[in-house]
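Using UniProt numbering, you'd call the opening residue of the sequence shown number 1 and step up by one each time. Where a beta carbon is used, it is the ideal one built from N, C-alpha and C, also for glycine. Here the structure is a predicted model, which is why all the values come from computation and not from measurement. Input: a single structure, listed below in structure tokens.
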Amino acid sequence: MNHAKKADTKDKYAVLERYFGYRSFRRGQEDVVDSLLSGRDALAIMPTGAGKSLCYQVSALLLDGVALVVSPLISLMKDQVNALTAQGVKAAYLNSSLNDAQFDKALRNMANGMYKIVYVAPERLKSSRFIRAATSIRISLIAVDEAHCVSQWGQDFRPSYLNIAEFIAELPQHPTIGAFTATATTEVKQDIVRILGLRDPLEVTTGFDRPNLFFSVIRTSQKSKQLLYLLFSRMNNSGIIYCSTRKTVEKVCALLYDKGFSATRYHAGLSDEERRKNQDDFVYDRKRIMVATNAFGMGIDKSDVRFVIHYNMPKNLESYYQEAGRAGRDGEDSDCILLFGHQDIQTAWYFIDHMEPNPELSDEQNEAFRKKEIERLGHMIAYCKTRECLRAHMLRYFGDSADDRCDKCSNCRSKMKTFDATIESQKILSCIVKTGQRFGARVISDTLRGKINDRVRTLGFDRLSTFGIMENEKKKYINEMIDELERMDYVRYVGAGYPIIKVTDAGWRVLRGEEKVMMIQTDLLRTSAVIQKSK
Ligand code: ADP
């Protein structure tokens with residue numbers, strides 16, 4: 001049983017306008033609000049920036065009692081509470097940033113009905129003082145923000161999220177629960193429903209597409225040059241540059257200072273004070289560019305970020321879409337650009353190889369998680385390499401349907417010319433077959449280029465007919481060719497870490513002369529290079 005009050009439409013819109021200044025709900029918001037107001041649990045899957053917080057805030061204001069919002073993000077709690085308070089909503093937060101006296105005071109106020117919305121960190125749900133206070137009042141709603149943290153299949157599993165179900169079990173009445181996330185995989189969804197104990201929840205998925213975002217992948221080995229080039233054409237706009245390590249953040253930020261850009265930085269190696277200052281400088285437009293690791297961004301509400309550039313490839317598409325999605329929250333056209341170089345794949349592997357096991361998980365669970373990370377990395381790399389529509393690639397990964405072309409990504413807009421690369425491809429494919437499909441790109445390229453080294457000699461590859469048939473080509477060129485063949489699915493990398501190359505069915509058709517290979521011309525893959533050399 002619950003005490004949810006059915007609010008009429010007028011109330012809903014009145015609250016929306018009075019407290020938030022909006023006249024209409026965005027897609028999905030109203031369904032979630034209606035569900036929560038009628039006492040039905042809801043699972044809202046909406047991309048970053050869609051407006052999840054507004055769903056539980058409006059509901060909280062219309063229901064009798066106090067709404068608890070469970071959130072892992074301390075900075076977000078503070079910002080949201082400040083914003084709500086400024087609008088005249090009685091709100092507070094309970095997390096580790098409060099000392100004992102402040103915590104007690106907030107609890108007393110909560111028990112005395114002084115708040116309408118209380119943000120609480122999941123760790124606090126175990127505190128007996130908190131449980132006592134919570135059982136003495138009417139809880140209208142429990143909103144679980146970043147609900148995917150409950151699932152070990154999600155990328156941000158937080159064991160403290162498991163406290164939520166235990167806490168709910170302590171309450172005299174089962175409250176209405178709203179779970180909110182931007183992660184939509186089936187496994188994660190099932191875990192959220194099961195672990196949080198949602199009863200017949202209304203599932204609202206708004207779809208992941210963000211039509212105002214332009215996606216591009218730029219393959220480059222000269223990232224800093226490329227970055228400067230991109231920034232010079234975006235002189236008046238705010239943007240974020242994500243790097244995979246603190247060291248790179250420092251390097252890129254120094255480069256931008258040096259070139260006179262208005263930039264600041266954010267990573268876990270800086271003091272709390274400096275992080276806060278730099279974040280504020282960016283949010284309040286005192287600095288135009290934020291160079292940061294992925295520690296930056298969760299819960300930051302800056303709506304006019306015009307570009308998000310990834311200086312390094314993130315570890316998976318979930319992270320990428322979440323970080324890139326911080327661009328254009330105001331609905332205006334914005335760019336999401338990923339700079340991709342081969343080194344990125346090695347760095348990503350390094351991170352996986354050096355992943356600390358989670359002490360709260362068993363060995364098998366840790367191993368399963370590792371495997372999942374490897375699989376996710378594979379999808380991330382595929383995004384960087386695909387020649388198909390980037391938006392379609394990403395949306396399909398998240399389970400949405402998508403047209404084959406969006407005309408708003410670098411692949412759809414590319415006007416690259418193609419050339420007939422059948423003969424060169426046959427040389428490479430036959431070398432892979434003749435060496436037994438047991439080697440990686442290095443051995444294949446050494447053999448094709450006729451490089452005599454110990455490895456090639458020991459293996460006897462210097463006696464193969466394919467030995468030296470591309471002796472005039474550079475290693476880079478052959479690697480690029482192999483990459484293109486992989487992208488076009490004529491070969492496939494098999495195995496983790498140092499994968500070997502195998503020829504696919506399509507590749508065999510090329511070898512048998514049944515299929516032509518049309519490749520896109522890049523700087524490296526010049527047409528002239530495939531004009532057969534007279535030998
Ligand atoms: P999420 O939590 O889904 O990432 P937020 O709740 O932070 O998204 O909302 C993103 C932005 O959208 C905020 O600036 C918020 O004020 C704005 N917003 C939310 N709902 C609406 C609405 N109905 N109309 C206009 N703007 C909205």
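**Asked** Are the Cβ atoms of residue 491 and residue 500 separated by less than 8 Å?
**Response** Contact check for residue 491 against residue 500 fails: the beta carbons are separated by 8 Å or more.
**Prompt:** Rounded to a whole number of angstroms, what is the C-alpha to C-alpha distance between residue 271 and residue 392?
**Reply:** Residue 271 and residue 392 have their alpha carbons spaced roughly 40 Å apart.
**Prompt:** Is residue 62 near the ligand ADP, with its Cβ less than 7 Å from a heavy atom?
**Reply:** In terms of side-chain proximity, the C-beta atom of residue 62 is found no nearer than 7 Å to any non-hydrogen atom of the ligand ADP.
**Prompt:** How many angstroms separate the CA atom of residue 382 from the CA atom of residue 191?
**Reply:** Rounded to whole angstroms, the separation of the alpha carbons of residue 191 and residue 382 is 27 Å.
**Prompt:** Is the beta carbon of residue 125 less than 8 Å from the beta carbon of residue 163?
**Reply:** With respect to residue 163, residue 125 sits close: the two C-beta atoms are nearer than 8 Å.
**Proximity of residue 253 and residue 305 at Cβ, strictly below 8 Å** = No, they are not a contact pair.
**Asked** Taking Cβ to Cβ, would you say residue 142 is nearer than 8 Å to residue 177?
**Response** Residue 142 places its beta carbon less than 8 Å from that of residue 177.
**Prompt:** Where DSSP assigns a beta bridge to residue 266, which residues make up the other side?
**Reply:** In the DSSP output, where bridge partners are listed per residue, residue 266 has 292.
**Prompt:** Are the beta-carbon atoms belonging to residue 84 and residue 57 less than 8 Å from one another?
**Reply:** When the beta-carbon positions are compared, residue 84 and residue 57 come within less than 8 Å of each other.
**Asked** Taking all protein chains shown into account, do 16 or more other C-beta atoms lie within 10 angstroms of the C-beta of residue 425, making it buried, or fewer, making it exposed?
**Response** Within 10 angstroms of the beta-carbon of residue 425 lie 16 or more other beta-carbons, which makes it buried.
**Asked** Can you round the beta-carbon distance between residue 428 and residue 444 to whole angstroms, since I take them to be within the 8 Å contact cut?
**Response** The C-beta separation of residue 428 from residue 444 comes to about 7 Å, placing the pair in contact by the 8 Å criterion.
**Request:** Can you give me the Cβ contacts of residue 152 inside the same chain, cut-off strictly under 7 Å, excluding the 5 residues immediately before and after it?
**Result:** Non-local beta-carbon contacts of residue 152 in its own chain, meaning distances under 7 Å to residues more than five positions away in sequence, involve 361, 365 and 369 in chain order.
**Item:** Segments of 4+ residues assigned as alpha helix (DSSP H) that fall wholly inside the stretch 5-54
**Value:** Listed in chain order, they are 9-20 and 29-37.
**Request:** With distances taken Cα to Cα, identify the nearest neighbour of residue 506 among 406, 50, 474 and 487.
**Result:** When the alpha-carbon of residue 506 is set against those of 406, 50, 474 and 487, the nearest one is in 487.
**Prompt:** Are residue 307 and residue 337 close, meaning C-beta to C-beta below 8 Å?
**Reply:** In this structure, residue 307 lies near residue 337, with their beta-carbon atoms less than 8 Å apart.
**Request:** Taking residue 46 and residue 21 to be in contact with their CB atoms under 8 Å, please state how far apart those CB atoms are, rounded to whole angstroms.
**Result:** The Cβ separation is near 20 Å, so there is no contact.
**Message:** Just verifying my parser: in three-state terms, what is the DSSP assignment at residue 192?
**Reply:** Here residue 192 sits in helix by DSSP.
**Message:** At a threshold of 7 Å, does residue 119 count as lining the ligand ADP (C-beta to nearest heavy atom)?
**Reply:** No, the beta carbon of residue 119 sits no closer than 7 Å to any heavy atom of the ligand ADP.
**Asked** Leaving out five residues before and five after residue 288 in sequence, what residues of the same chain have Cβ atoms less than 6 Å from its Cβ?
**Response** Excluding its 5 nearest sequence neighbours in each direction, residue 288 has C-beta neighbours in its own chain below 6 Å: 238 and 262, listed in chain order.
**Item:** residue 412 - DSSP class collapsed to helix/strand/coil
**Value:** When DSSP states are grouped into helix, strand and coil, residue 412 belongs to the helix group.
**Request:** Measuring alpha carbon to alpha carbon, tell me which of 344, 300 and 345 ends up nearest residue 328.
**Result:** Of the listed residues, the one whose Cα sits closest to residue 328 is 300.
**Request:** Excluding the 5 residues preceding and the 5 following residue 42 in the sequence, name in chain order all residues of the same chain whose CB lies nearer than 6 Å to its CB.
**Result:** If the five residues before and after residue 42 are omitted, its C-beta is found closer than 6 Å to the C-beta atoms of 32, 35, 36, 178, 201 and 202, all from its own chain and listed in chain order.
**Message:** Is residue 52 close to the ligand ADP? I mean its beta-carbon at under 7 Å from any heavy atom of the ligand.
**Reply:** Placement of the Cβ of residue 52 at a distance of less than 7 Å from at least one heavy atom of the ligand ADP is found.
**Item:** Unbroken alpha helix (DSSP H) run spanning residue 382, endpoints
**Value:** In the DSSP annotation of this structure, the continuous segment of the alpha helix (DSSP H) that includes residue 382 starts and ends at 363-385.
**Request:** Write down the C-beta distance between residue 446 and residue 456 rounded to the nearest angstrom, noting that I regard them as a contact closer than 8 Å.
**Result:** 5 Å between Cβ atoms; contact.
**Item:** Alpha-carbon spacing of residue 175 relative to residue 140, whole angstroms
**Value:** Distance between residue 175 and residue 140, taken at the CA atoms: about 6 Å.
**Asked** Taking the runs of the alpha helix (DSSP H) that are 4 residues or longer, which of them lie wholly in the stretch 380-464?
**Response** Listed in chain order, the complete alpha helix (DSSP H) runs (minimum 4 residues) inside the stretch 380-464 are 390-397, 410-413, 422-434, 441-448 and 454-459.
**Asked** On the three-state DSSP scale, how would you describe residue 310?
**Response** Note: residue 310 maps to strand in three-state DSSP.
**Asked** Are at least three pairs of beta-carbons, each pair with one atom in the stretch 205-216 and one in the stretch 398-411, less than 8 Å apart?
**Response** Three or more Cβ pairs closer than 8 Å define a contact, and the stretch 205-216 meets that threshold against the stretch 398-411.
**Message:** Taking 8 Å as the cut-off, does the stretch 245-252 touch the stretch 275-288 (at least 3 CB pairs, one atom from each stretch)?
**Reply:** As far as the Cβ criterion goes, the stretch 275-288 does not touch the stretch 245-252, which means the pair count is below three.
**Asked** Taking the alpha-carbon positions, what's the residue 133 to residue 311 distance?
**Response** So the alpha carbons of these two residues sit roughly 47 Å apart.
**Asked** Using 8 Å as the Cβ pair cut-off and three pairs as the minimum, do the stretch 106-122 and the stretch 74-81 touch?
**Response** Flag = yes, the stretch 106-122 and the stretch 74-81 touch.
**Prompt:** Who are the Cβ neighbours of residue 440 in its own chain at under 7 Å, not counting the five residues just before and after it?
**Reply:** Excluding positions up to five away in sequence, the list reads 498, 499, 500 and 501.
**Item:** Bridge-paired residues (DSSP) for residue 141
**Value:** Answer is 67 and 176.
**Message:** I'd like to know whether the C-beta atoms of residue 196 and residue 165 end up nearer to each other than 8 Å.
**Reply:** Yes; because the gap between Cβ atoms is below 8 Å, this pair is in contact.
**Item:** Entirely enclosed beta strand (DSSP E) segments - the stretch 236-285, minimum 3 residues
**Value:** Those beta strand (DSSP E) runs which fall completely within the stretch 236-285 and span 3+ residues are 238-242 and 263-266.
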